[in-house]
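Numbering-wise, the working numbering comes out as the position in the sequence shown, counting from 1, plus 1.
The C-beta atom is built at its ideal place from N, Cα and C for all residues, glycine as well.
Step one of this worksheet: look at the structure below.
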Amino acid sequence: MSRNEKTTLSQSTLERAREAGGPRASLVVYHRDDVKVMPLGEDEQGLVVGRAWPADVVVEDPSLSRQHARFRRVPEGVEVTDLGSTNGTHRQGERIDRAVLGPGDAVTLGAVTISVNLTEARAPLLEGIESYERFHAHLSDELLRARTFRRPLALLMVKALGGEQAHASRWVPRLRNTLRPVDRMALWGEHAVLVLLVESDRDRGRTVASALVDGDRPGEPTLTCGVAVGAATAGEMVDRARSLSRQATVRNRVLVEDDDGARTVTDRPLFASPKMQALRDLVERVAAASFPVLVHGETGSGKEVVARLIHQAGPRAEGRMRSLNCGAIPSTLLESTLFGHEQGAFTGAERRAAGVFEQADGGTLFLDEIGELPLPAQAALLRVLETGRLTRVGGTEEIEVDVRLVAATHRDLERMVEEGAFRQDLLFRLNTMTLGVPPLRERPADLDALLDRFLDEASRESGGRVRAISDVAREALRRYGWPGNVRELRNVVERAVVVCVGDTIGLDDLPERVCRPTTPSAPATPMPAEEDDDADFRERVRSYETQLILDALQRTQGNQTQAAKLLRMPLRTLVHKIRSYGIKKSFDT
């Protein structure tokens, strides 16, 4: 069983619940970034929640006792009784032995929160809410589909502001009922959710976000929302939605990024490792010139941070810097995004609009993922670089622009030139100076410094509750390959802070893909864990092989041939294990 499917219900319990009549009672179990709905029948036995069999509801968390607490229907609502657990059962911060819960009431068992739902509806509440890992995989798939077929896509981060009522159990059911069946949701800790809106542009994203958060409802917290509308990767899109949700306030509850993909860079640069210090010294020398610069590096490695440093260290620092992700813009809108358009130039062009070149006049323009530009847009870009003039779409007037161009890519542009996918003359214009940003796995000093920075920032945002990372968790973070680099590290740390129960981040607060390379058995929370003597040896071997295969796939970005070589395993054997272990569909690139 994976870390994302750690809550199960016995078959006999399901059958008893189906036979029950009258209003339906359910226990909504929130465990880190996952949520499950468990039906509660009318029988006297009720449901026992615990860490292992013979509990009816098994939640694999070391903070739970084997049989932690019993829930059963009573005339007044749902009775919860603690069964002598180690870490106790808590209601509103106070340890209890027994209590009667009404609709919406919640108790905490170790690191698990359970709320009560009473409804006539047969369909379980919160159906369709996914774990973050599964949601992230769906988001990656939808981004690929959106880019391939030039379709819109929006991602919402909905967050509750403080207070006792901020737990997702108070307000998530209403959100699920507001959305379309095709829309997806996932928990981001206890007080926030991600919402994926397929076939949704900026305007629909704003409309849905406003419907979700506007107005104050009794028993619910104030909600805010950030809306991202396209990105090159799932991690980047989550990062942008989260950043916008942070900036939202009670007065301005919904913040939507520009649908042209343009954005402002806010990350502070960090150069702790020798490789990054050498890069910084080179950047400072290059910044004084005016020629284009090409920044090469893996996704999330910090190419945009380098571009900002070039801007800030050069003579254009007082001018504006604009950033555009070329891979996030439909090809039909690229030229109007770059160069602007006149009123009536195409359907929907209701007024004249300046493109990012005009907006960055006198400053710096950063074009990320330049390798994603289609050939017609490459030709148009080359003309502007050679002449310093542009013409808006639908216009005839030539407009002079003075822009320092910094482009970035993770692709091999020289190979793309050989394949006919990138113009050689444009490459000549761009790579007057090429700067390489090393991946995070090659600069461990930066990793430790970034870990501490992201932990400090996320902890301050959440009230300072989480203060440290355990040694075993830190070692797992060091060993992980970080295919998503700095952006992935930030996401992992910030998510760990919101799901962490105590004051120290442990292994169980980290995604499964990060923990696999280490497989230590220490508990992830500061709460004491009870001894587990029923582990199966074959399951341990299978788990160990699975983690090795996943680690190899992550290091080779999903290339099975390269992964087989890395593992020194015949390709046929690797393919067989991937299929038999169910790895292929769950692998998250």
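**Asked** Hey, would you say E285 sits closer than 9 Å to D369, going by beta carbons?
**Response** No. Outside cutoff.
**Request:** Look at the alpha carbon of V214 and the alpha carbon of L280, and state the distance between them as a whole number of angstroms.
**Result:** When rounded, the distance between both Cα atoms is 44 Å.
**Request:** Would you grab the beta carbon distance between A212 and G227 for me? Rounded to a whole angstrom, and I think it's under 8 Å.
**Result:** Contact between A212 and G227 fails: their C-beta atoms lie close to 15 Å from each other, not under 8 Å.
**Asked** Is the region 43-54 close to the region 478-496, with three or more CB pairs under 8 Å?
**Response** When Cβ pairs closer than 8 Å are counted between the two stretches, the region 43-54 is seen not to touch the region 478-496, the count staying below three.
**Item:** Three-state class that DSSP yields for F72 in the structure shown
**Value:** It is a strand residue.
**Item:** Those runs of the beta strand (DSSP E) which lie wholly inside the region 119-191 and span at least 3 residues
**Value:** Runs found: 154-161 and 185-188.
**Request:** Take every Cβ of the region 403-419, pair it with every Cβ of the region 289-309, and state whether three or more of those distances are shorter than 8 Å.
**Result:** With three or more CB-CB distances shorter than 8 Å, the region 403-419 counts as touching the region 289-309.
**Request:** Taking H312 as part of the alpha helix (DSSP H), name the residues at either end of that continuous run.
**Result:** H312 -> alpha helix (DSSP H) spans K304 to A314.
**Asked** So, helix, strand or coil for T109, using DSSP?
**Response** Shown here, T109 sits in a strand according to DSSP, grouped into three states.
**Asked** By how many angstroms is the C-alpha of V59 removed from the C-alpha of L436?
**Response** Computed Cα separation, rounded: 52 Å.
**Asked** When burial is assigned at 16 or more other CB atoms within 10 Å of the CB, is N88 buried or exposed?
**Response** By the neighbour-count criterion, in which a residue is buried when 16 or more other Cβ atoms sit within 10 angstroms of its Cβ, N88 is buried.
**Request:** Work out the CA separation of G465 and F150 for me, nearest whole Å.
**Result:** Computed Cα separation, rounded: 44 Å.
**Asked** In chain order, which beta strand (DSSP E) runs of at least 3 residues are fully inside the region 22-49?
**Response** With a minimum length of 3 residues, the continuous beta strand (DSSP E) runs that stay inside the region 22-49 are 25-32 and 35-41.
**Message:** Applying the 10 Å Cβ sphere with the 16-neighbour rule, what's the burial state of R352?
**Reply:** By the Cβ neighbour-count rule, R352 is exposed, with fewer than 16 other Cβ atoms within 10 Å of its own.
**Request:** Could you check the C-alpha separation between R430 and R390 for me, to the nearest Å?
**Result:** In this structure, the straight-line span from the alpha carbon of R430 to that of R390 is close to 16 Å.
**Message:** Between the alpha carbons of A523 and S471, how many angstroms are there, rounded?
**Reply:** Its pLDDT being 34, under 50, A523 is placed unreliably by the model, and nothing is read from it.
**Prompt:** Below 9 Å between beta carbons: does that hold for E373 and G328?
**Reply:** Taking 9 Å as the cut-off, the beta carbon of E373 is found closer than this to the beta carbon of G328.
**Request:** Indicate the three-state DSSP secondary structure (helix, strand or coil) for F347 in the structure shown.
**Result:** Note: F347 maps to coil in three-state DSSP.
**Through-space distance from A235 to P55, alpha-carbon basis** = When rounded, the distance between both Cα atoms is 39 Å.
**Prompt:** What does a CB cutoff of less than 8 Å around T250 pick up in its chain, not counting 5 residues either side in sequence?
**Reply:** For T250, the CB contacts under 8 Å within the same chain, skipping 5 residues up- and downstream, are T225 in chain order.
**Through-space distance from H577 to Q344, alpha-carbon basis** = Put simply, the backbone Cα of Q344 is about 58 Å away from that of H577.
**Cβ neighbours of A273 in the same chain (closer than 7 Å, five flanking residues each side left out)** = So the list reads A446, D447 and A450, once near-sequence residues are dropped.
**Prompt:** Roughly how many angstroms separate the alpha carbons of G111 and L65, rounded to a whole number?
**Reply:** Taking the Cα positions, G111 is about 6 Å away from L65.
**Through-space distance from A459 to G507, alpha-carbon basis** = Cα to Cα, G507 sits roughly 16 Å from A459.
**Message:** Give me the DSSP bridge partner(s) of L195.
**Reply:** By DSSP's assignment, L195 forms a beta bridge with M158 and A187.
**Asked** From V38 to R488, what distance separates their C-alpha atoms?
**Response** V38 and R488: Cα-Cα distance of roughly 32 Å.
**Message:** Bridge partners for H91 per DSSP, in chain order?
**Reply:** In the DSSP output, where bridge partners are listed per residue, H91 has R96 and T109.
**Asked** Do the region 138-153 and the region 99-119 make contact, defined as three or more Cβ pairs closer than 8 Å?
**Response** No, the region 138-153 is not in contact with the region 99-119.
**Message:** Among R171, V183, L154 and Q93, whose alpha-carbon lies nearest the alpha-carbon of T131?
**Reply:** The displayed chain sequence assigns Glu, not Thr, to residue 131. The residue with the shortest Cα to Cα distance from E131 is V183.
**Prompt:** Among residues of its own chain, excluding the 5 on either side of G320, which ones have a beta-carbon nearer than 6 Å to its beta-carbon?
**Reply:** Correct list, in chain order: G363 and G364.
**Asked** Would the region 167-180 and the region 62-77 be scored as touching if the rule is three or more Cβ pairs under 8 Å?
**Response** In short, these stretches do not touch, since the Cβ pair count stays below three.
**Request:** Pull up the CB-CB distance for H342 and A354, whole angstroms please, since I reckon it's below 8 Å.
**Result:** Indeed, because the Cβ distance is near 6 Å, the residues count as touching under 8 Å.
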